[in-house]
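Protein chains in written order, with my numbering: chain A, 30 to 112; chain B, 926 to 1339; chain C, 3 to 426.
A short write-up of the structure that comes next.
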């Protein structure tokens, strides 16, 4: 449980750090529509997540349907960590 | 065989109302089947084969052989690479496979430059769109998300008739999922409804709007501009807007046809245009204009390039990384259109535009963040700023289309 | 499901059925209607050019004699001495049916004529040949799509009998329209093959539908040129007809209308088309060349058609505005050479009705602008044409020479005082 909370906090911190946006109150919103993420940003985010959590995100998975909300990103990271 | 092919009539895809007549007639069994949840694969294959054959029959018979040769070549590459990928994953093998799959397209693009504009005999209508499909597949195979491919499904994906000649560019996994599961009846009825609407809208776009723009604006403006001559003149501005709109209505109309016929066949081919001239900035424009091409470049060139550069920390500054990636991405798109100065300049201008756009959006974000901390309202964003943004984006893209049209080349060298 | 399917396809099916019924009910051979015909005759729009129905309706009207006047941009110079104004004002026994506007060159005219071969048979016609058509670029025929309609191509395919001229035209068609839906059949004709039975059936059925379509839309194809530009001017002409009075009037009007420039070019033309880049145009036509052009071959196809229809044609060769030609550096010698070449092509085949106006470019107020007849020029034109159309003419006797379809003729550069013995 605490570890899950950590992932969420870390993801929010990374997004805030990289893109100057606080997403803690919009975890369920489409980050592309909100203008937080774009194709450049999503790659930066992936690289940052990979470094932070020691995971490897397959590039083909970075589509706009899979990683488009903060919640989904958190879920995705958790899954990859457990894999 | 050749003689038989030469004597067949030639039907260019979506060329005239008669073509639609025959096409819709051929589609009837497929539609009935899908209404009852069944896909007649053999009939569908025959139907597709016939219409593809008629695209390349008559005086275009050479292209038919070129198409066959091309498909055999790409299948060999895909299955050769799949065989290899099961055992190993070396970078150079992957890059060689990519190179070999692009090779026919490169040859076709280079050939006219050295042969007074003559077409290469290995070229055929739609070669670049097929190349996009194959390259995407190879990349996803390396990522290990595409595996256990079989010859028949790959062939029907590559040779999917409605989108063969000019897209939209579909993705294998999406297409295959649509193909293997016939849509539910209610979903399929929605498809039929939107397909009918798309065909009607396509008729309006391509055969009415684009036709009249060409006849009453584009041709007269070109004529006037050429007779005035010089480096630039007023009618050339007319050519610029007329060509931009002509290009949109012609190509969007075509795309609507391709999407509609796909839907009749139970395939939800992605859309290609979404009100591009209402884009508020250049990045948004590329999410609305020739979308499947732009998304292809985004996913398979831009993002991979950025990823590679970020992972290897090539540049410290993320803005430099983004800039270089935009340049590579858009120049490549320019080269893909053809090896002429105006296509390449078109790519360059868009790269430049995207870099400026990116910088501006970041500036705005920083300012708003600072203002928020200081307790100030964010920078104004209302109907007026939106109108200005749309106006600037629209005119910039129109100017790049003038470059793209090659008309300046004609104006300066005629 | 049925209800939903009907909601989706029903409207489309109904619309298609309604359109088909309306169009198929249209009559492709409408009765004579002078009001429609006189409007179509001076509309000078591409729509009328393409409409076989309108052209046939007027040219076969037994109560009113419309004579086809083939030409191009000059027809739009509708000043008070325009041939249509004079014919109307003086109630001549004929009315010009103007066919062509800017960009309509021989090949476009040839295809346009395919729709009226019956109406040309043993009748009279006037044909203005502009040397400006005879440019090097003529092979590309960029303006053809403006004037070409599928019905013309179908009529050609139906009319053709595989002669050298037919094969030539088919070859040109394929060059200019490589992607057209008729290209396949045109290629067969070009290669000297005969069309199959299915081909002929196809031509017939397409033609049937397209004539119906043409008939349906022809009502909306004319313009209001007659009411705006012809009738008011015809009313103001001094009665009765008097050449001297007309000439004085023409000069007076022209003087007033050409006051803002030294070239005697109509004011509005000068302001709109020249003023902004006048300096750039100095010497700009120095290298113009009308002597070597594919157009000579295309023109021969037109002559073949006239010979085949036994049409008695008067050819008019207009001059260029001398003052303007001097300013732009157009080579008069070259111009006259091209005229000689055209005249040889005509006379050697028995086309003897030629009004050569090409040397009149320096007569006062002869041209309305740079290369188009106006005022006194139109009066002069009218004298030739009126005499030709209203007095008895000897029956023509044409001897077609297919050498004129060869590239060798197109590229032939006449010497000074050439007798063209190579092509006799």
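Every residue gets a Cβ at the ideal spot worked out from N, C-alpha and C, and that includes glycine.
task = Take residue 937 (chain B) and list the residues in its own chain whose beta-carbon comes closer than 6 angstroms to its own, dropping the five residues that flank it on each side.
result = Walking along the second chain from the start, residue 937 (chain B) turns up at place 12. The beta carbon of residue 937 (chain B) is closer than 6 angstroms to none in its chain, skipping five residues each way along the sequence.
ask   = Is it buried or exposed for residue 257 (chain C), if we count other Cβ within 10 angstroms and need 16 for buried?
value = Counted from its first residue, the third chain places residue 257 (chain C) at position 255. Looking at its Cβ environment, which holds fewer than 16 other Cβ atoms inside 10 Å, residue 257 (chain C) is exposed.
message = the ligand MG and residue 955 (chain B): does the residue's C-beta get closer than 7 angstroms to at least one heavy atom of that ligand?
response = By its list of ligands, the structure shown contains no ligand whatsoever, and the ligand MG lies outside what it can speak to.
key: Within chain C, the residues that residue 1121 (chain B) reaches when beta carbons sit closer than 7 angstroms   = Position 196 of the second chain holds residue 1121 (chain B). Neighbours of residue 1121 (chain B) on chain C, chain order: 10, 11, 14.
request  = Report the residue from B:1124, B:1258, B:1202, B:1282 whose alpha carbon sits nearest the alpha carbon of residue 1217 (chain B).
outcome  = Taking the first residue of the second chain as position 1, residue 1217 (chain B) is located at position 292. Closest in alpha carbon position to residue 1217 (chain B), among B:1124, B:1258, B:1202, B:1282, is B:1258.
Test: residue 866 (chain B) CB closer than 8 angstroms to a CB of chain A = Coverage of chain B is limited to positions 926 through 1339, which leaves residue 866 (chain B) absent and any answer about it impossible.
task = Look at the Cβ atom of residue 1205 (chain B), then the Cβ atom of residue 1213 (chain B), and state whether they are nearer than 8 angstroms.
result = Walking along the second chain from the start, residue 1205 (chain B) turns up at place 280. Walking along the second chain from the start, residue 1213 (chain B) turns up at place 288. No, the pair does not count as a contact, with Cβ atoms beyond the cut-off.
task = Please go through the same chain and pick out, in chain order, the residues whose beta-carbon is closer than 8 angstroms to the beta-carbon of residue 1244 (chain B), but skip the five residues on each side of it.
result = Indexing the second chain from 1 puts residue 1244 (chain B) at position 319. Excluding sequence neighbours, residue 1244 (chain B) sits near 1283, 1284, 1287.
task = Determine the extent of the beta strand (DSSP E) in which residue 319 (chain C) is found, giving its start and end residues.
result = Mapped onto the third chain, residue 319 (chain C) falls at position 317. Its beta strand (DSSP E) spans residues 314-319.
query = Does the beta-carbon distance from residue 75 (chain A) to residue 65 (chain A) come in below 8 angstroms?
reply = The residue you call residue 75 (chain A) lines up with position 46 of the first chain. The residue you call residue 65 (chain A) lines up with position 36 of the first chain. Here residue 75 (chain A) is not near residue 65 (chain A), since their CB atoms are 8 angstroms or more apart.
Spatial neighbours of residue 137 (chain C) in its chain, beta-carbon cut-off 8 angstroms, leaving aside the 5 residues before and after = Along the third chain, read from residue 1 onward, the residue named residue 137 (chain C) stands at position 135. Within the same chain, 290, 291, 292, 295, 297 come within 8 angstroms of residue 137 (chain C) by CB-CB distance, once the 5 residues on both sides are set aside.
task = Output yes or no for whether 8 angstroms exceeds the beta carbon distance between residue 299 (chain C) and residue 402 (chain C).
result = Here the question's residue 299 (chain C) lines up with position 297 in the third chain. Here the question's residue 402 (chain C) lines up with position 400 in the third chain. The Cβ atoms of residue 299 (chain C) and residue 402 (chain C) do not sit closer than 8 angstroms to each other.
query = Which chain A residues sit within Cβ distance under 7 angstroms of residue 1236 (chain B)?
reply = Residue 1236 (chain B) sits at position 311 when you count from the first residue of the second chain. Against residue 1236 (chain B), the close residues of chain A are 76, in the order they occur along the chain (beta-carbon pairs closer than 7 angstroms).
query = What did DSSP end up calling residue 52 (chain A) once you bin it into helix, strand or coil?
reply = Position 23 of the first chain, counted from the first residue, corresponds to residue 52 (chain A). DSSP places residue 52 (chain A) in coil when its eight states are reduced to three.
Segments assigned beta strand (DSSP E), at least 3 residues, entirely inside the stretch 118-183 of chain C = Those beta strand (DSSP E) runs which fall completely within the stretch 118-183 of chain C and span 3+ residues are 126-130.
query = Do residue 406 (chain C) and residue 302 (chain C) come within 8 angstroms of each other at the CB atom, strictly closer than that value?
reply = Position 300 of the third chain holds residue 302 (chain C). Position 404 of the third chain holds residue 406 (chain C). In this structure, residue 406 (chain C) lies closer than 8 angstroms to residue 302 (chain C) by Cβ.
Where residue 962 (chain B) falls, given that 16 or more other Cβ within 10 Å makes a residue buried = The residue given as residue 962 (chain B) occupies position 37 in the second chain. Exposed, since its Cβ has fewer than 16 Cβ neighbours within 10 Å.
request  = Please compile the residues from chain C whose C-beta is within a distance smaller than 7 angstroms of the C-beta of residue 935 (chain B).
outcome  = Position 10 of the second chain, counted from the start, is the residue given in the question as residue 935 (chain B). Chain C residues near residue 935 (chain B): 186.
query = Are the stretch 368-385 of chain C and the stretch 74-93 of chain C in contact at 8 angstroms, needing three or more beta carbon pairs?
reply = Counting Cβ pairs under 8 angstroms, three or more are found: they touch.
query = On the three-pair Cβ rule with 8 angstroms, is the stretch 1303-1313 of chain B touching the stretch 1111-1121 of chain B?
reply = Contact check between the stretch 1303-1313 of chain B and the stretch 1111-1121 of chain B: fewer than three CB pairs, one atom from each, fall below 8 angstroms, which does not count as touching.
query = In chain A, which residues lie with their C-beta within 7 angstroms of the C-beta of residue 1243 (chain B)?
reply = Locating residue 1243 (chain B) in the second chain gives position 318, counting from the first residue. Neighbours of residue 1243 (chain B) on chain A, chain order: 73.
key: CB contact below 8 angstroms: residue 3 (chain C) versus chain B   = For this step, residue 3 (chain C) is matched to residue 1 along the third chain. Contact with chain B is found for residue 3 (chain C), since one of that chain's Cβ atoms lies less than 8 angstroms from the residue's Cβ.
Spatially closest choice to residue 96 (chain C) from C:425, C:416, C:387, C:412, by CA coordinates = The residue labelled residue 96 (chain C) in the question sits at position 94 within the third chain. Of the listed residues, the one whose Cα sits closest to residue 96 (chain C) is C:387.
request  = Scan the stretch 182-213 of chain C for residues whose Cβ lies nearer than 8 angstroms to a Cβ of chain B and list them as they occur along the chain.
outcome  = Contact annotation: in the stretch 182-213 of chain C, residues whose CB is within less than 8 angstroms of a CB in chain B are 183, 185, 186, 189.
query = Per DSSP, residue 67 (chain C) is paired with what?
reply = If you number the third chain from 1, residue 67 (chain C) lands on position 65. For residue 67 (chain C), DSSP assigns no beta-bridge partner whatsoever.
key: Per-residue DSSP class, three states only, for residue 1195 (chain B)   = Walking along the second chain from the start, residue 1195 (chain B) turns up at place 270. Coil.
inquiry  = Using beta carbons (cut-off 8 angstroms, strictly below), is residue 1227 (chain B) in contact with chain A?
reply    = The sequence position of residue 1227 (chain B) within the second chain is 302, counting from 1. Closer than 8 angstroms to some Cβ of chain A, the Cβ of residue 1227 (chain B) qualifies, so yes.
inquiry  = On the criterion of 16 or more Cβ atoms from any shown chain inside 10 Å, does residue 3 (chain C) qualify as buried, or is it exposed?
reply    = Taking the third chain and counting its residues from 1, the one referred to as residue 3 (chain C) is at position 1. When all chains shown are included, residue 3 (chain C) counts as exposed.
task = Find the residues of chain B that neighbour residue 7 (chain A), judging by a C-beta separation of less than 7 angstroms, and give them in chain order.
result = Past the edges of chain A, shown from 30 to 112, lies residue 7 (chain A), and the structure says nothing about it.
inquiry  = Taking 7 angstroms as the limit between beta carbons, can you name the residues of its chain near residue 1334 (chain B), skipping five residues before and five after?
reply    = On the second chain, residue 1334 (chain B) is found 409 positions in, with the first residue counted as 1. So the list reads 1267, once near-sequence residues are dropped.
ask   = Looking only at DSSP bridge pairs, what is residue 926 (chain B) linked to?
value = Counting from 1 along the second chain, the entry for residue 926 (chain B) is found at position 1. In DSSP, residue 926 (chain B) forms no bridge with anything.
query = Do residue 51 (chain C) and residue 101 (chain C) have their CB atoms nearer than 8 angstroms?
reply = The count along the third chain starts at 1 and reaches residue 51 (chain C) at position 49. The count along the third chain starts at 1 and reaches residue 101 (chain C) at position 99. A Cβ-Cβ contact shorter than 8 angstroms links residue 51 (chain C) with residue 101 (chain C).
ask   = What residues in its chain sit with their C-beta under 8 angstroms from that of residue 30 (chain A), if we drop five residues either side in the sequence?
value = As a working mapping, residue 30 (chain A) is identified with position 1 in the first chain. For residue 30 (chain A), the predicted structure reports a pLDDT of 46, less than 50, and the residue's modelled location is therefore unreliable. A value from the coordinates is still provided. Around residue 30 (chain A): no qualifying Cβ.
request  = Tell me whether residue 1088 (chain B) is buried or exposed, calling it buried when 16 or more other Cβ atoms sit within 10 Å of its Cβ.
outcome  = Residue numbering aside, residue 1088 (chain B) sits at position 163 when the second chain is read from its first letter. Buried, because 16 or more other Cβ atoms sit within 10 Å of the Cβ of residue 1088 (chain B).
ask   = Are the CB atoms of residue 1254 (chain B) and residue 1210 (chain B) nearer to each other than 8 angstroms?
value = In the second chain, counting from the first residue as 1, residue 1254 (chain B) sits at position 329. In the second chain, counting from the first residue as 1, residue 1210 (chain B) sits at position 285. Not a contact, by the Cβ cut-off of 8 angstroms.
task = Give me whichever residues DSSP pairs with residue 357 (chain C) in a beta bridge.
result = Position 355 of the third chain, counting from 1, holds the residue named residue 357 (chain C). As DSSP reads the structure, residue 357 (chain C) sits in a beta bridge with C:318.
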